[in-house]
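Residue numbers (the numbering used here), protein chains in the order written: chain A, 5 to 161; chain B, 2 to 395; chain C, 192 to 613; chain D, -11 to 176.
So the structure is just underneath, and the comments pick up after that.
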């Protein structure tokens, strides 16, 4: 794998990328502009919210939970990125039949790496951080709901 | 840094201000319209929800988009002219609306119904219940995202609609059951067709069970969601599958039999909370599926016993004589207790006619049971209540 | 002087670039006149055109197939009017979409609203650089193939978030947030599945991975050891989620979010999202076929050997490439079919459940299966017939069940046309 | 153009095509990353800023590619564009009050300290860029510049401890992330 052929490979990617961009722009701003009608209408440009006027902007501060997900994801993303080099050399290093000392060593190294993170995963799991934690106000509502249901347990037939 | 100095008053785009201090990560609440033009509100229901992210904190039901002044309109028509208007209330169970109205008029006017007509009413009524439940079950699958179940249900519903079409020439708004009987007889051929349909349909219910009711994801989505405790259901006047889903065996066909229902053997299905908690969406859904089997049972019995005879006194097709007075009669519509309160001043038509619509009472419980659930659950809960907006708004 | 020689003389080695050879054969020496620095981009552009043609044809076919599959699963006929059994229906729809007005909401962020479909498509299209069709028919066998897929595949989500955010529509926002959460978290099991294959093959390159699985069917990585089917299932599930296909179609759940992140898109912009979705479907299925199902290998050793023996036999080479093309496209299309089958069978799962499935089911299982695979690979390098047999025995029940279901379905379709007594 | 020379040396045998296209690519990537970084500073809309970071990061990835560090380039795209950018977007959506943020910055009187800090940072970076002895080579990379394999070999031999430490670091980050997110949720 020389640099030149690598350049050639990635030049392909670049051309594909540029082509994709041009293709989309061509489609949405050139070809369809020629073909499509444009009828101005004030109502048409309103935000769709099931036929009712929208209340407030949708650009609000969104839910905290999504942040947790992204954080957890990022950790594992980096982990996977770390393991790619390991995976690609594993076959070379693992040795012949029965496994060489190097092979066992390389295996253990990655296994420990994974184990440490697995421990982390289990810890976070047990603490319930992986659960779709409800936001506090929603939790309150939920608690009230649950109380109500429990209070009505005896009425059940 | 001092606490007080860092609080900033931020103008909101919609007016007013909000106090924000640095590091304040409180998420904002959002007002969101679900409906009237939404794929899953089963008509033009509008639910305004206050959400935090995807969690629903509060919801409010807005109705009235389909209001057609049923109660005012029928004050100006004759007794028999009312039935087409009742068709258009619960347009998925028109037969049953006709039936309730006819029974109420018959009660007030002391009209004798031929026995054959009573049997026909039961057969057609239960067939209508199957059709209505199929619609409900199918669209429920659609709400949860299982599109195929919907079409399976529609395939079978189509057969019932064909039968209705043959019976009265209409596919949706039948105007078939009239005060005094029914507008046309069921020929032996049709009875045979209905019998065939039941034989064909019973295994299809298992198919629905396989495809949808017992599907892991479906149970995952519906069990334990939108739990309606029994006393809440009673407080809100919920009836029908919604009430039975919460565990109470209340069915007017058993409790206050009308027509000839006391002669038939069938079970009242109640929720048992077998997959999640008692009164959850799965319970409500499953009641409809199981009730279809009971309806088949009733139809089978009725087909076996149906006598020969007249189906209506022909003069009653023109108009009914109703003496002065008032009556209230309720029937077990596929969606719950459908009550007709009619007042007569002895003239050609009703002086007043008021309807207790089951969907109208059932939908009222929505804000209570949807609190704290997610937007996706909201759709599931609305579907499990099974409303028909034509009936809610009348 | 042959064209390949020109390139070699310049230190460029890309023998696999068969399109170049083909064009060279067509134009002969006239190519010499074009300076290299223009020629190469032109050749690459030719590759682009071939791929965009493939994507378009595939999308047209897949949409038609989706309609037909769903229709026959639902006891109806589907499109029947335009062309034979509605075969041209999708073209009609495409033309219709081309003529549809482009509506941008007043309160939207118009720039981002415009850019979003571009990013979504540009995040999918370059993936086709590494999608192999046969030994000779592939754009480029990038050294880092699978890693490239993992990296570039992550770009699409940015476009989706952009679309949802720019629309300034609450449904779109919900869709975008769901998409972000889902796409982002399912990249982890996807990455772990990539890792497993890479450690088995010792290479990132698609062509290398396929070469490792040549020979008999038992050489496919799917049958490598009893843990590989777990990896496969996890990969397939995650790829469903990455393509936003049911039961993971939450970002565009029509019964909940109306249309999700592309609620405010119409006309051509909307169809670009659609095209990107179908293109992504093919990419993930083709990659699954490469990773687990032996890529273009037929799984019959003598046939493979016969096809490979093309020394001095150009027709044999053409035949071999054609067979391989058909094989890998068939495998991919089968997986595409499974995606459709699942879509029309399963209900949609909820957002918290989707996270549950990812973090608590797929992630631990894939991790364990990966470590187990590497341990097995350590003890019995390069696979083992006993392990393969064991795999097939252990997984025979789900396998047979799937086969039976497929048989039921295909035979069922034919049975449906037999007039019944009713 | 020092870097460009290096780049053409990197390509084992510089051909006409590389000679013409390398500068084009180099300048494109460089301009994309620099201009979008600048735009991040100028553009007022915080969400657009976040999206501009994407093009900046992608431009950097392109530069890595030109230098033959393909593994690094794709890690950059996978982790930064696919991960950290999403995180930033979520962060932006959590704190979204774009007019407010800018106003508050002005109000807090942090402009002068900010400029000062920027100057110091700029000087430090500039100083190190000018003084460090960059090991520029005019030798082409070895024929099999299989970067991931080389990284893998290095991680498995010379850098075992850093490799394992990375996992501990990630563990700490995981626990910390969960803690932070949890506390944030509870306070809300």
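Don't be surprised by glycine CBs; every beta carbon is placed ideally from N, CA and C.
Because the structure is a prediction, the values reported are computed rather than measured.
Just to confirm before moving on: does the CB-CB distance between residue 376 (chain B) and residue 64 (chain B) stay below 8 Å? What you label residue 376 (chain B) is simply residue 375 of the second chain in a count that begins at 1. What you label residue 64 (chain B) is simply residue 63 of the second chain in a count that begins at 1. Pairing residue 376 (chain B) with residue 64 (chain B) gives a Cβ-Cβ distance that is not under 8 Å.
Cα-Cα, which of C:551, C:405, C:350, C:282 is closest to residue 379 (chain C)? For the purposes of this step, residue 379 (chain C) is identified with residue 188 of the third chain, where counting begins at 1. Out of C:551, C:405, C:350, C:282, C:551 has the C-alpha closest to the C-alpha of residue 379 (chain C).
State yes or no: is the C-beta of residue 483 (chain C) within less than 8 Å of the C-beta of residue 412 (chain C)? As a first step, residue 483 (chain C) is located in the third chain; it is residue number 292 there, counting from the start. As a first step, residue 412 (chain C) is located in the third chain; it is residue number 221 there, counting from the start. Yes, these two residues count as a Cβ contact at 8 Å.
Could you name the residues of chain C that residue 65 (chain D) contacts, counting a contact when the two beta carbons are closer than 8 Å? Sequence index remark: in the fourth chain, residue 65 (chain D) carries index 77 (1-based). Result: 342, 343, 345, 346.
With DSSP as the reference, identify every bridge partner of residue 1 (chain B), one or two as the case may be. The question about residue 1 (chain B) has no answer, for chain B in this structure spans 2 to 395.
Residues of chain D with CB closer than 9 Å to the CB of residue 378 (chain C), please, in chain order. Translated into the one-based positions of the third chain, residue 378 (chain C) becomes position 187. By Cβ distance, chain D contributes 66, 70, 71.
How many angstroms separate the CA atom of residue 208 (chain B) from the CA atom of residue 312 (chain C)? Numbered from its first residue, the second chain carries residue 208 (chain B) at position 207. Numbered from its first residue, the third chain carries residue 312 (chain C) at position 121. Going from the Cα of residue 208 (chain B) to the Cα of residue 312 (chain C) covers about 40 Å.
Straight-line gap, residue 278 (chain B) to residue 382 (chain B) (C-alpha atoms, nearest Å): The sequence position of residue 278 (chain B) within the second chain is 277, counting from 1. The sequence position of residue 382 (chain B) within the second chain is 381, counting from 1. One C-alpha to the other measures close to 14 Å.
How about residue 519 (chain C) and residue 490 (chain C): are their beta carbons less than 8 Å apart? What you label residue 519 (chain C) is simply residue 328 of the third chain in a count that begins at 1. What you label residue 490 (chain C) is simply residue 299 of the third chain in a count that begins at 1. In this structure, residue 490 (chain C) does not lie closer than 8 Å to residue 519 (chain C) by Cβ.
Look at the Cβ atom of residue 98 (chain A), then the Cβ atom of residue 82 (chain A), and state whether they are nearer than 8 Å. Taking the first residue of the first chain as 1, we reach residue 98 (chain A) at position 94. Taking the first residue of the first chain as 1, we reach residue 82 (chain A) at position 78. No, they are not a contact pair.
What separation, rounded to the nearest whole angstrom, lies between the Cα atoms of residue 397 (chain C) and residue 481 (chain C)? Against the third chain, residue 397 (chain C) aligns to sequence position 206. Against the third chain, residue 481 (chain C) aligns to sequence position 290. Across the structure, residue 397 (chain C) and residue 481 (chain C) are spaced so that their CA atoms are roughly 7 Å apart.
For chain D, is any of its Cβ atoms less than 8 Å away from the one on residue 86 (chain A)? As a position in the first chain, residue 86 (chain A) is number 82, starting the count at 1. Residue 86 (chain A) counts as touching chain D.
Which same chain residues, not among the five before or five after residue 166 (chain B), have their C-beta less than 8 Å away from its C-beta? Stepping through the second chain from its first residue, residue 166 (chain B) is reached at position 165. Taken in chain order, the residues that qualify are 172.
Residue 138 (chain A), buried or exposed, once every other Cβ within 10 Å from all chains shown has been counted against 16: The residue given as residue 138 (chain A) occupies position 134 in the first chain. Since pLDDT at residue 138 (chain A) reaches only 47, below the 50 mark, its modelled position is unreliable, and the value read off the structure follows with that caveat. When all chains shown are included, residue 138 (chain A) counts as buried.
Determine the direct distance from the alpha carbon of residue 30 (chain A) to that of residue 24 (chain B), and round the result to whole angstroms. For the purposes of this step, residue 24 (chain B) is taken as the residue at position 23 of the second chain. For the purposes of this step, residue 30 (chain A) is taken as the residue at position 26 of the first chain. Note that residue 24 (chain B) scores a pLDDT of 45, beneath 50, so its modelled location is shaky and nothing firm can be said.
Assuming residue 62 (chain D) contacts residue 338 (chain C) under a Cβ cut-off of 8 Å, what Cβ separation, rounded to an integer in Å, is found between them? Counted from its first residue, the fourth chain places residue 62 (chain D) at position 74. Counted from its first residue, the third chain places residue 338 (chain C) at position 147. Distance from residue 62 (chain D) to residue 338 (chain C) at the Cβ level is roughly 5 Å; contact confirmed, criterion being Cβ atoms closer than 8 Å.
Quick one: which residues of the region 439 to 451 of chain C get their C-beta closer than 8 Å to a C-beta of chain B? List them in chain order. When C-beta distances to chain B are compared with 8 Å, the residues of the region 439 to 451 of chain C below that value are 440, 441, 444, 445, 446, 447, 448, 449, in chain order.
If we call anything under 8 Å between Cβ atoms a contact, is residue 589 (chain C) one with residue 218 (chain B)? Locating residue 589 (chain C) in the third chain gives position 398, where the first residue counts as 1. Locating residue 218 (chain B) in the second chain gives position 217, where the first residue counts as 1. Not a contact, by the Cβ cut-off of 8 Å.
Cβ-based neighbour list, residue 295 (chain C), same chain, cut-off 6 Å, excluding 5 preceding and 5 following: Against the third chain, residue 295 (chain C) aligns to sequence position 104. Cβ-Cβ distances below 6 Å link residue 295 (chain C) to 301, 304 in the same chain, with the five nearest sequence neighbours on each side left out; the list follows chain order.
Residue 293 (chain C), enclosing alpha helix (DSSP H) - first and last residue: On the third chain, residue 293 (chain C) is found 102 positions in, with the first residue counted as 1. Where residue 293 (chain C) is concerned, there is no enclosing alpha helix (DSSP H), given that its DSSP letter is neither H nor E.
Which chain C residues sit within Cβ distance under 9 Å of residue 118 (chain A)? Numbered from 1 along the first chain, position 114 holds the residue referred to as residue 118 (chain A). Residues of chain C passing the Cβ test: 558, 561, 562.
Residue 305 (chain B): which of B:351, B:170, B:80, B:195 sits nearest, CA to CA? Counted from its first residue, the second chain places residue 305 (chain B) at position 304. Sorting B:351, B:170, B:80, B:195 by C-alpha distance to the C-alpha of residue 305 (chain B) places B:195 at the top.
Selected residue, minimal CA-CA separation from residue 547 (chain C), among C:377, C:479, C:475, C:561: Translated into the one-based positions of the third chain, residue 547 (chain C) becomes position 356. Closest option to residue 547 (chain C), Cα to Cα, is C:377.
Output, in chain order, the set of chain C residues within a Cβ distance shorter than 9 Å of residue 109 (chain A). Translated into positions along the first chain, residue 109 (chain A) becomes position 105. At a C-beta separation below 9 Å, residue 109 (chain A) has no neighbours in chain C, since its nearest C-beta there lies roughly 10 Å away.
Please state the DSSP three-state secondary structure of residue 415 (chain C). Here residue 415 (chain C) corresponds to residue number 224 of the third chain, with the count starting at 1. The three-state secondary structure of residue 415 (chain C), taken from DSSP, is coil.
Given this structure, state the Cα-to-Cα distance separating residue 341 (chain C) from residue 59 (chain D), to the nearest angstrom. If you number the third chain from 1, residue 341 (chain C) lands on position 150. If you number the fourth chain from 1, residue 59 (chain D) lands on position 71. Each residue's Cα considered, the two are about 12 Å apart.
Cross-strand partners of residue 47 (chain B) (DSSP beta bridge): Within the second chain, numbered from 1, the residue matching residue 47 (chain B) stands at position 46. Looking at the DSSP assignment, residue 47 (chain B) forms a beta bridge with B:63.
For the putative contact between residue 13 (chain D) and residue 54 (chain D), defined by C-beta atoms under 8 Å, what is the C-beta separation to the nearest angstrom? Along the fourth chain, read from residue 1 onward, the residue named residue 13 (chain D) stands at position 25. Along the fourth chain, read from residue 1 onward, the residue named residue 54 (chain D) stands at position 66. Sure, about 6 Å apart at Cβ, within 8 Å.
Are the beta-carbon atoms belonging to residue 330 (chain B) and residue 101 (chain B) less than 8 Å from one another? On the second chain, residue 330 (chain B) is found 329 positions in, with the first residue counted as 1. On the second chain, residue 101 (chain B) is found 100 positions in, with the first residue counted as 1. Yes, they are a contact pair.
Check each candidate in B:88, B:160, B:105, B:188 and name the one with the smallest Cα separation from residue 341 (chain B). As a first step, residue 341 (chain B) must be located in the second chain, where it is residue number 340. Minimum Cα distance to residue 341 (chain B) is reached at B:105.
Within chain B, partners of residue 538 (chain C) - CB distance below 8 Å: For this step, residue 538 (chain C) is matched to residue 347 along the third chain. Within chain B, the residues near residue 538 (chain C) are 142, 145, 146, 147, 213, 216, 218, 219, 222.
Is residue 275 (chain C) near the ligand SAM, with its Cβ less than 7 Å from a heavy atom? With respect to small molecules bound, the structure shown includes none, and the ligand SAM cannot be examined in it.
Nearest chain B C-beta to residue 437 (chain C) closer than 8 Å, yes or no? If you number the third chain from 1, residue 437 (chain C) lands on position 246. It does: the Cβ of residue 437 (chain C) has a partner Cβ on chain B nearer than 8 Å.
Just to confirm, is the Cβ distance from residue 225 (chain B) to residue 280 (chain B) under 8 Å? The count along the second chain starts at 1 and reaches residue 225 (chain B) at position 224. The count along the second chain starts at 1 and reaches residue 280 (chain B) at position 279. Here residue 225 (chain B) is not near residue 280 (chain B), since their CB atoms are 8 Å or more apart.
Specify, as a first and last residue, the run of the beta strand (DSSP E) that residue 356 (chain B) falls within. Working through the second chain from its first residue, we reach residue 356 (chain B) at position 355. Segment 353 to 357, the beta strand (DSSP E) holding residue 356 (chain B).
So residue 138 (chain B) contacts chain C; which residues on that side make the cut at Cβ distance below 7 Å? Stepping through the second chain from its first residue, residue 138 (chain B) is reached at position 137. What residue 138 (chain B) touches in chain C, judged by beta-carbon distance under 7 Å, is nothing: the nearest beta carbon there is about 13 Å away.
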